[in-house]
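**Q**
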Amino acid sequence: MIELALDVVSWVLLAVGGACVLIGGIGGLRLPNFYTRIHAASLTDTMATLLIFVGMMLQSGLSLATLKLFAIMLFLLLTGPTATYALANAALLSGLKPEGDTGQSKHGENTQP
Amino acid sequence: MTFMEHLPALQVVVPMLSAPLIVLLQPRGLAWAGATAAGLASFAIAIALAMAVLDGQTQVYAMGGWAAPYGIALEVDAFSALVLLLVTGAGAAALLAARVSVDRQIEPERQPLFYAAWLLGLAGLAGIVVSADAFNIFVFMEISSLASYILIAGGPDRRALPAVFKYLIMGTIGATFYLIGVGLIYMMTGTLNLADMQARIGDVVALNPILVAAGFITIGLALKAAVFPLHVWLPNAYTHAPHMVTVFLAACATKVALYVLIRFDSMVFQDRLSDHEFQFTLFALPLAVLGILVASSVAMFEGHLKRLLATSSVAQIGYILLGASFVSEAGITASAMHMFNHALAKGGLFLAVACLAFHFRDLRLSELGGAARRMPLTCAALVVCGLSLIGVPGTAGFISKWLLITAALESGLWGWSLVAVILVSSLMAVVYIWRIVEALYFQQASAEGDTSFAEAPLQLLLVTWAVALLNIFFGLFPHLPLALANGSAALLVGGAP
Amino acid sequence: MIYVFALFLLTLLVITAVAIVRTENLFVAVMLTSIFSLLMAANFFILDAADVALTEAAVGAGVTTVIFLSALALTGDWEKPRPGGRTVALGTVGVLAMLLIYASFDKPRLGDPEAPVHQHVAPWYLEKTPEYMDIPNVVTAILSSFRGYDTLGEVFVVFAACIGVLFILGVKPARQTAAAPQPVSGLRHHLIPQVVGRLLVPFIVLFGLYVQFHGEYGPGGGFQAGAIIATGVILYALLEGEAEALRAVPRSVLLALVVGGALLYGAVGVVCMLKGGAFLDYSVLAADPVFGQQLGILVIEAGVGMAVCGALLSIFHAFAARESMT
Amino acid sequence: MKLLELLGYYNYWVFAVVLTVGLYAVIRKRNLIKKLIGLSIFQSAVFLLYITMDKVEGGTAPIIQKGVPDQVFSNPLPQVLILTAIVVGVSTLALGLAMVVRIKESYGTIEEHEILGAD
Amino acid sequence: MIPETAILTAICLPLAGALAIAVAGRISPNLREATTLLTAAALIWVVWGLLPTLMAGGRPAVEVSEVMPGLTIAFRVEPLGMLFAALASGLWLINSVYSIGYMRGNKEKNQTRFYVCFALALAATMGVAFAGNLFTLFLFYEVLTLSTYPLVSHKGDEATVRSARVYLGVLLCTSIGLFLPAIIWTYMAAGTGDFVHGGILAGKLEGPAIGLLLGLFVFGIGKAAVMPVHRWLPAAMVAPTPVSALLHAVAVVKAGVFAITKIIVYVFGIDFLFATPSSGWLLYMAAFTIITASLVALRQTNIKRLLAYSTIAQLSYVVMAAATLKPLAEVGAAIHMVAHAFGKITLFFAAGAIYVASKKTEIHQLRGIGRRMPWTMTAFTIGALSMIGVPPTAGFVSKWYILAGAFEAENLVAVFTIIASTVLNAAYFLPILYMAWFEREEAGAKAHGEAPFAAVLALCITALLTLAFFLFNGPVIELESQVVRALPL
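Chains as they are written, first to last, in our numbering: chain A, 1 to 113; chain B, 1001 to 1497; chain C, 2001 to 2326; chain D, 3001 to 3119; chain E, 4001 to 4489.
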């Protein structure tokens, strides 16, 4: 009985995670400019990773594999957003102005090159 | 296992392991000394191996203690002993003479790296010749290619870089074609050892992957050996490389690729593929003839001395392929002998060019006026090696010309027209060697050039003259290389064990 | 069922390859090459080649991209389009494709157990590894012992690449640009990546060492470990700046690593000779041949790891140092 | 030839196509870095050929678990060969890129036709 | 000294001499001249020492090294070779004497190189003379070509270089292009290349192949200057006179003709060739060369070019004599080699002496020179008469034997050519003699005396030899007749 419940929960989690990845992908294609697109990509990085990995962990139960999965999830959660941040920063440095920005910088101190 | 049994392995290990050591020897004099010691050691091993092979025992060495088809086996027979002598001899001689010439062309702090790359090249080439495992040949082909890219990239002139880049691209494509060929054969026979492959290829021979594999291997090795239509990288690469590198590479680099082609073809494909002799001849003969004629005629009108000799190398490779394409005992003996004799002649010529480069910044024939008066000994050595290249009797070149003509006559299929091709190209060789002689001896020195007596440094001159005299010695008493060449022919085509 | 997924990945592979060739922005091409390597790694994994997948990911995707980017930084980003007929090139290449596809019909089908490849040499390896070496990972066994000579050649290819790059880039660039070399940029003044970096680099290096010594039991070994450790140090160099990384791992150490690794591998072989076995025959290394084999494999894997790590790092530093000079 | 049969040869066709795409890039493109990228694709195709050989129906990676009795393994030998070939590819690539950097410095361009024109 | 070592010393002596001359050249010119003469004398002593064994019918042979199975460097002395070696060594001494006078008189530069190359050429000539098989003959034939190249291009200015290029081009092209395949074909067909009395090809080849092989040999040996391959001889006239003397009389040309005769006699075999119809063309080709060369000589104005064309004609005499394939004709061929050598060397010495004394090179400048240079001109006259074949000179003896051979072979073409060429010889030599002795000098020509003493001395010796050969040719004829008489070898 418990296994059935676990399976159902993990299936649901995996399905939702898959949906998130799909949405991120579609976002990446349809959104107009660079900054909006990396916003959509970051969705895949964070939300989908969390959901899929928890789903997989439930599938594999208490074993060495679960521990490995947890480590990978932690790694991805750490590096994903940092990578997106670095990407956005580098874009800004190389002078790609976000849409609708009328010249004055609204961001914090670290946008000066 | 006694020391003698380790020789095939030591032949590759000695130069290979001394390369990293030399990188650590920072003071540049030491780097050259270390490299020459390693070069001479490997030459000594090659001689010992040749002696062992001469009295009849083919050395087989199971690497890592594992038997042949499972582990990698090294095998030294007559043909590999001959090419080994050629490779290590050229390497050692070029190293001996290299110190003065390299000091002028390579900055001191880069020299340890240069000599390490040289030894890697030597080890790579020896590795190919000694190995009896198809994939192992690929690995060592890569080592020797990488080393020769590094050596050529050391050239002082900025044009060396695009030349060596083109060589890198074409060399890598060649090696990868060879890899595809080996892969296809491995897929159909399940083994990588050459002898084992020969045994097992019998039952799958009709399938087309084997034919395609034969095609890929032949094209890949033809690319590495600068056979005629695929030779475009050779003239530029050899012209802009440092002088001593040209001596080393011109003498043995392309010949090892031909060695692999001949060994692969006669051992793996020959008696197994139905009418393969005809196919190989159909493929190799026209290319060889075209190569000889076109390259010789281009060399006749070439202005720059080094590029002229490099283009003539392409023609001489055509000779070796011509010998091999007869697929007869006489043919293989002729091509093996010509590998040896051409290395002597061309090595001597490029050594003389290295001597000339000491006092003539620009090596174009029009600028070499009055060279004979200033450097009489170098020019004399150059003439002797030139004569050996033409094939004047009494020099080493004549022996291989003689064998080639007899092989052509025996081959039967319009043998006489091939004899005509060989003779016409020898006459073309006479023309371009004599253009050099006339430029050296009779051209008036350019106005401002001083005509004081200024010979090349003694060390370089001694090695040049040693090679020139060897040219004559092997012209009169060629028993050693001839015995090895006959042994290899009997082995490859005669079906001897 | 797995085949359908393989089908999808292979098609994606072809699409990426065509995209790489068509794009004119070199930066995009390099990024696509990295994706191409990742897809290759995925394919390898599906075809049960775990070791190769790890290597392709670490060496192919990781280090190749880094080297390409550092070279791109020194040369231009854009490729000049080449007008004019591409028929000749297409023609020759098309002929080659036809030839290969024609040849493929007699080849054994994917996964066909009766294929000659699985009949002759492979079963012997699978059967003899537990007997001679008693280590689970047969690939590492073949890599280091049965065909150890190949891997020795392999280490010297890496060694050749390392001394080659040092030799070619050893020449001071002809024209020193007038501007003083601009301050060592890395993402120095960006706090977040540095913090995350400092957190991650130790774990990357630790994982590299794990892969190094775990080689006998699971997919792993010298090459992959060297590449991973090198990637870790390169990440540190990108975050903290190249000078900082050089302070952490100075050039002399790198050269010592490369030379040491290559010599260690060779030395093991020579010791085997001295002890009476053939070159690289580890069973003479210890009284019990199986233990001797395991010891030999461990030591040469360490040698390979050192050599690869040292080589890749010195290549990166050669390119990076070049950047600060021009 | 039924679909599954056809599926078996798909790997070889992908190998052929990727090989030709790589070769096309090397022959056709004049930018030296694009040539090197083409070369690495060209070599990757060969890796795919070798690894396609080693798959056995229903076999797993050749890691022998102790207890499990009769396991079916894929062929380990091509994997060893490809491990070597990958590192060879990277080494050649590194050397090529070093040359491209030097060419850029001495010629100012990495387009082949401009370099040949300069001499 | 036993014959075998004599052969080897005969070849090594000039080589050692060349080295000694090179060293002596650095010290002082006189020492260099002394070494040259010493080596020449020593060579004569060694070579002529072999004569008694030869006369007694002995054939000393020695094998140096076996280059390849069936291909050896071996020497074997037989009458033809002996005659040629004796002739060459003898004339070398005289030529050295003459060239000392000429070189000093003309103050030529880098003389050491001249004498060194001279000695090398002689070493090669000895090698060709004593060669025991085709391979050794070809080996020294090529060394002779290469060692004479620096002599021909002695002056080093543009004109000499271009004509030296023609010289080398023709000789190397014919030797590599035609002579080498002929040798290889013979080795393939007959299995060996050794010179065997009665020929080695008998029964091995038949039909047109023999004619083709003979053609390859005749046109391959460019040094014999048979018509189409004769262009190098006039081109070599740019060389200083002692070199032309060497070329024409002592070594180069003689080697060519000697090689052809030896191949006809020892490779094909006289009777084997006589039987095959396809070898007749050689005689007609030689005859054609004689006639055309003599006609061209008629129109020449420069003395040396005239002598060059007359040499081409005389050489074809020897070839034609050999081609009549009759014992008497073969003896005639050998003797003509000697007669022509003496006559032609005298003429060249005279031309050189005139040039040194008066810088005159054209025929019309020779008016009344007899009074100014009596010794040179008498020698010139004797040489000219020997060319025509007038009785008291050597030329008559050889023409007599060739005519006898032609009659014996009932070969009317040969007889007619000899008579016609004798007339032509007279037509281009007699006017010169008439102008020299009986015409007055034009006014205002500057006065000049005789040539330097050394040159005149050499002149007179060769003139006397031409006369002496007419009287004492017994031993030479006896030696040569051994070739044809079926002597047990």
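Backbone N, C-alpha and C define an ideal beta-carbon position, used for all residues, glycine too.
Evaluate residue 2281/C with the Cβ neighbour count: other Cβ atoms within 10 Å of its Cβ, from every protein chain shown; 16 or more gives buried, anything less gives exposed.
**A** Locating residue 2281/C in the third sequence gives position 281, where the first residue counts as 1. Label assigned to residue 2281/C: buried.
**Q** In this structure, how does DSSP classify residue 1328/B when only helix, strand and coil are distinguished?
**A** As a working note, residue 1328/B is residue 328 in the second sequence. Looking at residue 1328/B - three-state DSSP - the assignment turns out to be coil, as it is neither helix nor strand.
**Q** With a 10 Å radius around its C-beta and 16 neighbouring C-beta atoms as the bar for buried, classify residue 1412/B as buried or exposed.
**A** Numbered from 1 along the second sequence, position 412 holds the residue referred to as residue 1412/B. Within a 10 Å sphere around the beta-carbon of residue 1412/B sit fewer than 16 other beta-carbons, which makes this residue exposed.
**Q** Do you know whose CA, among 1481/B, 1417/B and 1093/B, lies nearest residue 1334/B's CA?
**A** Indexing the second sequence from 1 puts residue 1334/B at position 334. For residue 1334/B, the closest C-alpha among the options 1481/B, 1417/B and 1093/B is that of 1481/B.
**Q** Would you check if the distance between the CB atom of residue 76/A and the CB atom of residue 49/A is smaller than 8 Å?
**A** Position 76 of the first sequence, counted from the first residue, corresponds to residue 76/A. Position 49 of the first sequence, counted from the first residue, corresponds to residue 49/A. Contact flag set, yes.
**Q** Using a Cβ cut-off of 7 Å, which residues of the segment 2052 to 2078 of chain C contact any Cβ in chain A, in chain order?
**A** none
**Q** State yes or no: is the beta carbon of residue 2190/C nearer than 8 Å to at least one beta carbon in chain A?
**A** Indexing the third sequence from 1 puts residue 2190/C at position 190. For residue 2190/C, the closest Cβ of chain A is nearer than 8 Å.
**Q** Is it buried or exposed for residue 3071/D, if we count other Cβ within 10 angstroms and need 16 for buried?
**A** Taking the first residue of the fourth sequence as 1, we reach residue 3071/D at position 71. Exposed is the call here.
**Q** Would you report the Cα separation of residue 1540/B and residue 2159/C, rounded to the nearest angstrom?
**A** Outside the shown range of chain B, which is 1001 to 1497, sits residue 1540/B, and nothing can be said about it.
**Q** Using alpha carbons as the reference points, say which of 1045/B, 1171/B, 1399/B and 1189/B lies closest to residue 2114/C.
**A** On the third sequence, position 114 is the one that residue 2114/C refers to. Answer by Cα proximity: 1189/B.
**Q** What are the residues in the segment 2099 to 2131 of chain C lying within 9 Å of chain B by C-beta distance?
**A** Going along the segment 2099 to 2131 of chain C in chain order, one finds 2099, 2100, 2102, 2103, 2104, 2105, 2106, 2107, 2108, 2115, 2116, 2117, 2118, 2119, 2120, 2121, 2122, 2124, 2125 and 2128 with a Cβ nearer than 9 Å to chain B.
**Q** In terms of residues, what are the limits of the beta strand (DSSP E) holding residue 1059/B?
**A** For this step, residue 1059/B is matched to residue 59 along the second sequence. First-last of the beta strand (DSSP E) with residue 1059/B: 1059 to 1063.
**Q** In terms of residue numbering, what span does the alpha helix (DSSP H) encompassing residue 4369/E cover?
**A** As a working mapping, residue 4369/E is identified with position 369 in the fifth sequence. Per DSSP, the continuous alpha helix (DSSP H) segment holding residue 4369/E begins and ends at 4369 to 4372.
**Q** In the DSSP assignment, what residue or residues form a beta bridge with residue 3073/D?
**A** Position 73 of the fourth sequence, counting from 1, holds the residue named residue 3073/D. Residue 3073/D pairs with 3060/D.
**Q** Would you call the segment 3094 to 3102 of chain D in contact with the segment 3027 to 3039 of chain D, where contact means no fewer than 3 C-beta pairs closer than 8 Å?
**A** Yes: at least three Cβ pairs fall under 8 Å.
**Q** Any beta carbon of chain D sitting closer than 8 Å to that of residue 1162/B?
**A** Sequence index remark: in the second sequence, residue 1162/B carries index 162 (1-based). Output row for residue 1162/B: interface = yes.
**Q** What in chain A is Cβ-close to residue 2196/C, meaning under 8 Å?
**A** Counted from its first residue, the third sequence places residue 2196/C at position 196. Residues of chain A passing the Cβ test: 78, 79 and 82.
**Q** Which chain G residues are close to residue 2154/C, counting only those with a beta carbon under 7 Å from its beta carbon?
**A** Judged by its chain identifiers, the structure shown contains no chain G, and its protein chains are A, B, C, D and E.
**Q** Can you name, in chain order, every residue of its own chain whose Cβ lies under 6 Å from the Cβ of residue 2057/C, other than the five neighbours on each side?
**A** By 1-based counting over the third sequence, the position of residue 2057/C is 57. Within the same chain, residue 2057/C has close Cβ partners 2041.
**Q** For residue 4221/E, which of 4302/E, 4319/E, 4236/E and 4288/E has the nearest alpha-carbon?
**A** The residue you call residue 4221/E lines up with position 221 of the fifth sequence. Nearest C-alpha to residue 4221/E: 4319/E.
**Q** Tell me, please, which residues DSSP counts as bridged to residue 1406/B.
**A** Walking along the second sequence from the start, residue 1406/B turns up at place 406. Answer by DSSP bridge pairing: none, since residue 1406/B is not bridged.
**Q** Do you know offhand how far residue 3057/D's Cα is from residue 2007/C's?
**A** Along the fourth sequence, read from residue 1 onward, the residue named residue 3057/D stands at position 57. Along the third sequence, read from residue 1 onward, the residue named residue 2007/C stands at position 7. C-alpha separation (whole angstroms): 16 Å.
**Q** Anyone know if the C-beta pair for residue 4032/E and residue 4115/E falls short of 8 Å?
**A** Along the fifth sequence, one-based indexing puts residue 4032/E at 32. Along the fifth sequence, one-based indexing puts residue 4115/E at 115. Yes, the Cβ-Cβ distance between residue 4032/E and residue 4115/E is below 8 Å.
**Q** Ends of the alpha helix (DSSP H) at residue 3112/D?
**A** In the fourth sequence, residue 3112/D corresponds to position 112, counting from 1. Run containing residue 3112/D: 3112 to 3118, per the alpha helix (DSSP H) assignment.
**Q** Look at residue 1429/B and residue 1418/B and say whether their C-beta atoms are less than 8 Å apart.
**A** Translated into positions along the second sequence, residue 1429/B becomes position 429. Translated into positions along the second sequence, residue 1418/B becomes position 418. No. Outside cutoff.
**Q** Taking 7 Å as the cut-off, is the beta-carbon of residue 4419/E closer than that to any non-hydrogen atom of the ligand PLP?
**A** Among the ligands in the structure shown, none appear at all, so the ligand PLP cannot be discussed.
**Q** From the beta carbon of residue 1399/B, is the nearest beta carbon of chain E less than 8 Å away?
**A** Along the second sequence, one-based indexing puts residue 1399/B at 399. So yes, residue 1399/B belongs to the interface.
**Q** Can you tell me whether DSSP reads residue 1364/B as helix, strand or coil?
**A** By 1-based counting over the second sequence, the position of residue 1364/B is 364. Residue state, collapsed to three classes: strand.
**Q** If the criterion is Cβ atoms closer than 8 Å, does the pair residue 1139/B and residue 1252/B meet it?
**A** Start at 1 with the first residue of the second sequence, and residue 1139/B comes out as number 139. Start at 1 with the first residue of the second sequence, and residue 1252/B comes out as number 252. Between residue 1139/B and residue 1252/B, the C-beta spacing is not below 8 Å.
**Q** Can a CB atom of chain E be found closer than 8 Å to the CB of residue 1376/B?
**A** On the second sequence, residue 1376/B is found 376 positions in, with the first residue counted as 1. Chain E contact via Cβ: absent.
**Q** Residue 2187/C to residue 96/A, Cα distance in whole Å?
**A** Walking along the third sequence from the start, residue 2187/C turns up at place 187. Walking along the first sequence from the start, residue 96/A turns up at place 96. Low confidence applies to residue 2187/C: its pLDDT is 49, below 50, so where it sits in the model is not reliable, and the reading given next is rough at best. Spanning the two alpha carbons is a distance of roughly 18 Å.
**Q** Kindly indicate which residue of 4121/E, 4418/E, 4303/E and 4140/E has the alpha-carbon position closest to the one of residue 4324/E.
**A** Within the fifth sequence, numbered from 1, the residue matching residue 4324/E stands at position 324. Cα-wise, what sits closest to residue 4324/E is 4418/E.
**Q** With 8 Å set as the bound, which would you pick, yes or no: does the beta-carbon of residue 1007/B sit closer than that to a beta-carbon of chain E?
**A** Numbered from its first residue, the second sequence carries residue 1007/B at position 7. Judged by the 8 Å Cβ criterion, residue 1007/B is not in contact with chain E.
**Q** Would the segment 1214 to 1233 of chain B count as touching the segment 1047 to 1061 of chain B if we require 3 or more Cβ pairs under 8 Å?
**A** no
**Q** Taking only the alpha-carbon atoms, compute the straight-line gap between residue 2068/C and residue 2194/C and give it to the nearest angstrom.
**A** Within the third sequence, residue 2068/C is the residue found at index 68, counting from 1. Within the third sequence, residue 2194/C is the residue found at index 194, counting from 1. Going from the Cα of residue 2068/C to the Cα of residue 2194/C covers about 23 Å.
**Q** Starting from the Cα of residue 2319/C, find the closest Cα among 2142/C, 2132/C, 2017/C and 2164/C and give me that residue.
**A** Looking up residue 2319/C in the third sequence gives position 319. Of the listed residues, the one whose Cα sits closest to residue 2319/C is 2164/C.
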